[in-house]
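Per numbering that gives the first Met the number 0, the very first residue in the sequence shown carries number 0; after that it's consecutive.
We put the CB at the ideal spot given by N, CA and C, even for glycine.
The block underneath contains the structure these notes are about, expressed in structure tokens.
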Amino acid sequence: MQAHDQKLFVQIIGQLMISDGVLSDPERAYLDRVMDSFSMDAESRKQALHGISMDSPVEERVAGLSPEARAKLLEAARDAVGVDAGSSKNEVAFLARLEELVGA
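Okay, structure coming up:
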């Protein structure tokens, strides 16, 4: 996966995780594991994390992903929803929106 995809991927997963208003320690650890799996360097991680915002249109981010990244996105998003003790309505709704956008 290219660096551009990695950044968007992390931002989408981060956006999902903050949709309930909080990024918990387990959620942050999950984001770190995702970035570790991409072997992202410190600067790439900083850029990806800095861009996480609920105000960013997820539609544009998903549209910017390569087919390879889109194929992996839903699995990571489903795993992300289960990281906390429970999933919020906002997280479930965000995941449903991702499923629509990816076409699952």
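Applying the criterion that 16 or more other CB atoms from any shown protein chain within 10 Å of the CB defines a buried residue, is Asp24 buried or exposed? Here Asp24 is exposed, its C-beta having fewer than 16 other C-beta atoms within 10 Å.
Going by C-alpha to C-alpha distance, which of Ser43, Val101, Arg27, Met16 sits closest to Asn89? For Asn89, the nearest C-alpha among the options comes from Met16.
Val101 and Arg69 - do their beta-carbons sit closer together than 8 Å? For the 8 Å CB-CB criterion, Arg69 and Val101 form a contact.
According to DSSP, is Met16 helix, strand or coil? If DSSP states are grouped into helix, strand and coil, Met16 belongs with the helices.
Quick check on the burial criterion: 16 or more other C-beta atoms within 10 angstroms. Buried or exposed for Met34? When all chains shown are included, Met34 counts as buried.
Check whether the Cβ atoms of Glu42 and Leu73 sit closer than 8 Å, and answer yes or no. No, the pair does not count as a contact, with Cβ atoms beyond the cut-off.
With Ser36 as the anchor, note down where its alpha helix (DSSP H) starts and where it stops. Residues 24-36.
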